[in-house]
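Protein chains in written order, with our numbering: chain Z, 56 to 253; chain E, -2 to 116.
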C-alpha cells in the first residue's frame, strides 16, 4: 500500500484533480492552511509508520510524527521545489526519531532490546493475517538500522537513492543493510514459506 | 522464500494506522496554532525599552532633587495643553465612543469568503 501510494504515479484521472505536492507546498506557503492539511493527510500514515517502526512504541511514534510535522511546517520555506516531499518529510521524521532514541538511551542507559515483544506490538492492535503478523514481528525484531532501511524500502519502493538520502548513508551501505535485512527476514519467515510450499 | 516473494509480502503489508486524533493534533500545532502576540525580537525590544526607561527614571531622580516637582509640573502642563482639564473634551469623547458603539451594533451582512479551497 505504501509503495502504491508513494512510488507509483497516480492514475491520469486522479492526477487531473489532485494537486501535486509542489502545488500544495506553494499554496501552504501563501498562507493556505488547508493545503498543508492535504499534505498531512497524504503522508500522515506513512510518516507515522516510519516513526512506529523506528521507535517501536505507539505513544512515542505519535509524538515523533507530530514533532516531525511541526518541524516540516516551520521549515516549509526551505523545501527545494522539485525535490520529493516524501523523502524530505521522511528525513525529518527519521532525524526526530534518532534524536528521541538518543535521548532515551541517555536517560535509560539502553534502548529496548532488538527482539519482538509479542505482548506489545501492532499484532495486538490489528487483527491481521497470520503471515502479516509474522512479517511484522520479524521486522520488529530486526536491529534498528536494518529495520529502518526495510521500512523505507517498504514506503518508497526500490528507490535506493531516496532511502540513502533519508538515512544519510552511502548507497552501498543502504544496499548492504537491505540485503542483510532481507536475509534475516527470510530466515525468520522460512518455516512459514516452507509450510506454504508443501 | 525467494526475493520476489519477500518483496511482494513486504509491499502487501499495510501501513500502521495512526492513532485517532493525530491529524487534529498536527493541525492544531501547525496551521491552526494562533500566532504569538509578540515575536521574540519584539519582546527583546520591549524589554530593552522598559529597562532604558527605568534606568533614565532612576538617573533623573537621583541626579536632581527637584526632578520630581519639575516632572509633575511638566505633566500637568502637558495635560492642560491636550485639553484634558476641559469638560468639552470629555463630552466629545463620550459622543465619539457612543457613536462607535452604535455603529458596531448595526446589522451589516458579513461578506462571504471569496474562495474555498477544494481539493
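Ideal Cβ placement from N, Cα and C applies to all residues, glycine included.
Interface residues of chain E facing residue i [CB-CB closer than 9 Å]
| i | result |
| --- | --- |
| residue 209 of chain Z | 7, 8, 10, 12 |
| residue 224 of chain Z | Near residue 224 of chain Z there are no residues of chain E at all, since even the closest Cβ is about 20 Å away, more than 9 Å. |
Whole-angstrom distance between residue j and residue i, CA atom to CA atom
| i | j | result |
| --- | --- | --- |
| residue 95 of chain E | residue 77 of chain E | 24 Å |
| residue 75 of chain Z | residue 99 of chain Z | 16 Å |
| residue 180 of chain Z | residue 101 of chain E | Any answer about residue 180 of chain Z is weak, because its pLDDT of 45 lies below 50 and its placement is not dependable; what the coordinates show is given next. Spanning the two alpha carbons is a distance of roughly 55 Å. |
| residue 78 of chain Z | residue 162 of chain Z | 42 Å |
| residue 55 of chain E | residue 39 of chain E | 24 Å |
| residue 29 of chain E | residue 129 of chain Z | 13 Å |
| residue 236 of chain Z | residue 41 of chain E | 52 Å |
| residue 74 of chain E | residue 53 of chain E | 21 Å |
| residue 9 of chain E | residue 214 of chain Z | 17 Å |
| residue 171 of chain Z | residue 45 of chain E | A caution first: residue 171 of chain Z carries a pLDDT of 44, below 50, which makes its placement in the model unreliable, though a value can still be read off. In a straight line, the C-alpha of residue 171 of chain Z is about 56 Å away from that of residue 45 of chain E. |
| residue 37 of chain E | residue 47 of chain E | 15 Å |
| residue 2 of chain E | residue 88 of chain Z | 42 Å |
| residue 67 of chain E | residue 22 of chain E | 58 Å |
| residue 92 of chain Z | residue 34 of chain E | 24 Å |
| residue 90 of chain Z | residue 65 of chain E | 59 Å |
| residue 112 of chain Z | residue 11 of chain E | 18 Å |
Residue i: contacting residues in chain E (beta-carbon distance under 8 Å)
| i | result |
| --- | --- |
| residue 121 of chain Z | 19, 22, 23, 26 |
| residue 262 of chain Z | Examination of residue 262 of chain Z is not possible in this model, given that chain Z is present from 56 through 253 alone. |
| residue 186 of chain Z | 6 |
| residue 96 of chain Z | 20 |
| residue 217 of chain Z | Those within 8 Å of residue 217 of chain Z in chain E number zero; the least Cβ separation is about 16 Å. |
| residue 100 of chain Z | 12, 13, 14, 15 |
| residue 149 of chain Z | Those within 8 Å of residue 149 of chain Z in chain E number zero; the least Cβ separation is about 15 Å. |
| residue 191 of chain Z | 10 |
| residue 134 of chain Z | The contacting residues do not exist; residue 134 of chain Z stays about 14 Å from chain E at best. |
Interface residues of chain E facing residue i [CB-CB closer than 7 Å]
| i | result |
| --- | --- |
| residue 196 of chain Z | Correct list: empty, because the minimum Cβ distance to chain E is about 15 Å. |
| residue 155 of chain Z | Chain E residues near residue 155 of chain Z: none, gap ~16 Å exceeds 7 Å. |
| residue 201 of chain Z | Residues of chain E passing the Cβ test: none, with the nearest at roughly 13 Å. |
| residue 162 of chain Z | Per Cβ cutoff of 7 Å: no residues; residue 162 of chain Z is ~24 Å from chain E at best. |
| residue 124 of chain Z | 23, 27 |
| residue 92 of chain Z | 24, 28 |
Chain Z contact residues for residue i, given Cβ-Cβ distances below 9 Å
| i | result |
| --- | --- |
| residue 16 of chain E | 103, 113, 114, 116, 117 |
| residue 70 of chain E | Ordered by position in chain Z, no residue passes the 9 Å Cβ test against residue 70 of chain E, which lies about 52 Å from the chain. |
Within chain Z, partners of residue i - CB distance below 7 Å
| i | result |
| --- | --- |
| residue 3 of chain E | 237, 240, 241 |
| residue -2 of chain E | 241, 244, 245, 248 |
Residue from the options with nearest C-alpha to residue i
| i | options | result |
| --- | --- | --- |
| residue 7 of chain E | Z:219, Z:134, Z:189 | Z:189 |
| residue 185 of chain Z | Z:221, Z:244, Z:89 | Z:244 |
| residue 221 of chain Z | Z:207, Z:134, Z:234 | Z:207 |
| residue 198 of chain Z | Z:137, Z:239, Z:158 | Z:239 |
| residue 26 of chain E | Z:85, Z:216, Z:127 | Z:127 |
| residue 141 of chain Z | Z:193, Z:89, Z:97 | Z:97 |
| residue 133 of chain Z | Z:116, Z:83, Z:112 | Z:83 |
| residue 150 of chain Z | Z:193, Z:109, Z:114, Z:234 | Z:109 |
| residue 159 of chain Z | Z:192, Z:200, Z:191, Z:115 | Z:115 |
| residue 223 of chain Z | Z:200, Z:212, Z:85 | Z:200 |
Beta-carbon neighbours of residue i, restricted to chain Z and to distances below 8 Å
| i | result |
| --- | --- |
| residue 29 of chain E | 88 |
Q. When the Cβ atoms of the stretch 117 to 130 of chain Z are set against those of the stretch 145 to 154 of chain Z, are three or more pairs found closer than 8 Å?
A. Contact between the stretch 117 to 130 of chain Z and the stretch 145 to 154 of chain Z is present: 3 or more CB-CB pairs across the two stretches fall below 8 Å.
**Q.** Given 8 Å, three or more beta-carbon pairs between the stretch 221 to 233 of chain Z and the stretch 152 to 160 of chain Z
**A.** At 8 Å Cβ cutoff, the stretches do not touch.
Q: Entirely within the stretch 200 to 225 of chain Z and at least 4 residues each: give me those alpha helix (DSSP H) ranges in chain order.
A: The stretch 200 to 225 of chain Z contains these whole alpha helix (DSSP H) runs: 215 to 222.
Q. Considering only residues of the stretch 68 to 141 of chain Z, which uninterrupted alpha helix (DSSP H) runs meet the minimum length of 4 residues and lie entirely inside it, listed in chain order?
A. Taken in chain order, the complete alpha helix (DSSP H) segments of 4 or more residues contained in the stretch 68 to 141 of chain Z are 76 to 84, 88 to 110, 113 to 129.
Q. Between the stretch 3 to 20 of chain E and the stretch 103 to 115 of chain Z, do at least 3 Cβ pairs fall closer than 8 Å?
A. The stretch 3 to 20 of chain E makes contact with the stretch 103 to 115 of chain Z; the number of CB pairs closer than 8 Å reaches 3 or more.
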